[in-house]
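Trainee: In the working numbering, the protein residues as written are 202 to 492. Backbone N, C-alpha and C define an ideal beta-carbon position, used for all residues, glycine too. Quick caveat, the model's predicted, so the values are computed rather than measured.
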Amino acid sequence: MNKLGKGLGALFGENLADIDNRQTEEGKEGVKTIPINKIDNNINQPRKTFNENAMAELTDSIKEHGVIQPIIVVPVGERYMIVAGERRWRASKAAGLNEVPAIIKDYTDKQIAEISIIENLQRDGLNEIELAIGIKKLMDEFNLTQEKVAERIGKTRSTVANLLRILSLQPEIQKMIAIKQLSYGHAIRLMSVEDNERQLDYAKAAIKGGLSVRALEQLVDAAEKRSKTKNLINDKNKNKSTEIIEQEKLLAIKLNTKVEISGSNHIGKIIINYFSKDELERIIENILQNK
């Protein structure tokens, strides 16, 4: 069963894979041949743009093989409105067809809206932002859980969850993802950065440097570690008096190494850092000479 058949079948209890495999001549098990000029597109169609190259390929295929899979329509007065299959309908018109095979259904407005979103979410070529917006629309408008949406569109729950998290990224970064400057993998890594300004800086650095997802991960990990260390030092200094901070500086200059004083003016400890055996001997000699 293809993805569309699985999604819509789960929604309405029908085996649409069987419908897909039917012959499309008029009168065959609910498939009718309808004049193409009596069919209108759905004005609430979620997808507003269609890839020109993909449409050209579909048009050529229809010219050679005809419409293999019927579109799905609902009657509107004496005309019909597309529920699923707008790409096939558009390509059929471009191919010069006068009629197309169609399955006529009697769906409610709510069912039509849900089917339209699901069908588009199952199509190839959508970027991650389009997918995320469509998933959120399904959840908001039809009160669906992540698990239910995953079942409808044939993706895992973790994928659905991560796609939704992309919408928490800054709009500028979302645009970078939509136009393929950043990949889905880059987006996942950037989500772990809480600071919006640094998040955007990392995104720009990834684009400018042509960084792979792994390279971006290394950049972020190193930079975030430095930031946390700096914040930790600043937090420690907040609890120190001005006098102790000045004493740390004087000792650091005198001993030519990093010195930390913890405690109060009355009790505490002094930590003198060294980074080699020679440096340790130098520091000890310096202290003993000035005792």
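Evaluate the contact criterion for the region 324 to 333 versus the region 294 to 309: three or more CB pairs, one atom per stretch, below 8 Å.
Mentor: no
Trainee: Name the one or two DSSP bridge partners that residue 280 has.
Mentor: Against the sequence shown, residue 280 aligns to sequence position 79. According to DSSP, residue 280 bridges with 277.
Trainee: What residues in its chain sit with their C-beta under 7 Å from that of residue 231, if we drop five residues either side in the sequence?
Mentor: If you number the sequence shown from 1, residue 231 lands on position 30. Only 304 meet the Cβ criterion.
Trainee: Out of 344, 346, 361, which has the shortest C-alpha to C-alpha gap to residue 331?
Mentor: Counting from one through the sequence shown, the residue named residue 331 turns up at place 130. Selected option, being the one with the closest Cα: 361.
Trainee: Starting from residue 441, trace the beta strand (DSSP E) in both directions and tell me its first and last residue.
Mentor: Residue mapping note: residue 441 aligns to position 240 of the sequence shown, counting from 1. Run containing residue 441: none; DSSP gives neither H nor E here.
Trainee: How is residue 296 classed by DSSP in three states: helix, strand or coil?
Mentor: Mapped onto the sequence shown, residue 296 falls at position 95. Three-state result, residue 296: coil.
Trainee: Identify whether residue 306 lies in helix, strand or coil by the three-state DSSP scheme.
Mentor: Position 105 of the sequence shown, counted from the start, is the residue given in the question as residue 306. It is coil, neither helix nor strand.
Trainee: Who are the Cβ neighbours of residue 339 in its own chain at under 6 Å, not counting the five residues just before and after it?
Mentor: For this step, residue 339 is matched to residue 138 along the sequence shown. Cβ within range, chain order: 318, 345, 350.
Trainee: Can you name the residues that DSSP bridges to residue 285?
Mentor: The residue labelled residue 285 in the question sits at position 84 within the sequence shown. Its beta-bridge partners are 273.
Trainee: Could you check if residue 419 is buried or exposed, using at least 16 other CB atoms within 10 Å of its CB as the buried criterion?
Mentor: As a working mapping, residue 419 is identified with position 218 in the sequence shown. Exposed.
Trainee: Reducing DSSP to helix, strand and coil, say where residue 360 ends up.
Mentor: Walking along the sequence shown from the start, residue 360 turns up at place 159. Residue 360: helix per DSSP, three-state reduction.
Trainee: Pop quiz: residue 394 and residue 425 are said to be a contact at Cβ under 8 Å. What is the actual Cβ separation, rounded to whole angstroms?
Mentor: The count along the sequence shown starts at 1 and reaches residue 394 at position 193. The count along the sequence shown starts at 1 and reaches residue 425 at position 224. That pair is a contact at about 7 Å.
Trainee: Quick check: residue 313 and residue 275, are their CB atoms within less than 8 Å of each other?
Mentor: Taking the sequence shown and counting its residues from 1, one reaches residue 313 at position 112. Taking the sequence shown and counting its residues from 1, one reaches residue 275 at position 74. Cβ atoms of residue 313 and residue 275: closer than 8 Å.
Trainee: Starting from the C-beta of residue 329, find all residues in its chain whose C-beta is less than 7 Å away, skip the five residues before and the five after it, and write them out in chain order.
Mentor: The count along the sequence shown starts at 1 and reaches residue 329 at position 128. 364, 367, 378, 385, 388, listed in sequence order.
Trainee: Short of 6 Å in beta carbon distance, which residues of its chain neighbour residue 452, apart from the five on each side in sequence? Order them along the chain.
Mentor: Within the sequence shown, numbered from 1, the residue matching residue 452 stands at position 251. If we look at residue 452 and ignore the five residues flanking it on each side, its Cβ neighbours are 460.
Trainee: Could you check whether the Cβ of residue 392 sits closer than 7 Å to any heavy atom belonging to the ligand PLP?
Mentor: No copy of the ligand PLP appears in this structure; indeed no ligand is present at all.
Trainee: Could you give the C-beta distance for residue 403 and residue 417, rounded to a whole number, given that I count them as a contact under 8 Å?
Mentor: Walking along the sequence shown from the start, residue 403 turns up at place 202. Walking along the sequence shown from the start, residue 417 turns up at place 216. Cβ-Cβ separation between residue 403 and residue 417: approximately 7 Å, consistent with a contact (criterion under 8 Å).
Trainee: What is the rounded straight-line gap between the Cα of residue 260 and the Cα of residue 287?
Mentor: Here residue 260 refers to the residue found at position 59 of the sequence shown. Here residue 287 refers to the residue found at position 86 of the sequence shown. Residue 260 and residue 287: Cα-Cα distance of roughly 12 Å.
Trainee: In the structure shown, what three-state DSSP assignment does residue 472 receive?
Mentor: In the sequence shown, residue 472 corresponds to position 271, counting from 1. Residue 472: strand per DSSP, three-state reduction.
Trainee: Between residue 166 and residue 253, what straight-line distance do the alpha-carbon atoms span, to the nearest angstrom?
Mentor: Summary: the structure shown does not reach residue 166, with the chain confined to residues 202 through 492, and so no result is reported for it.
Trainee: Return the residue from the list 410, 477, 369 that minimises the CA-CA distance to residue 392.
Mentor: Here the question's residue 392 lines up with position 191 in the sequence shown. The residue with the shortest Cα to Cα distance from residue 392 is 369.
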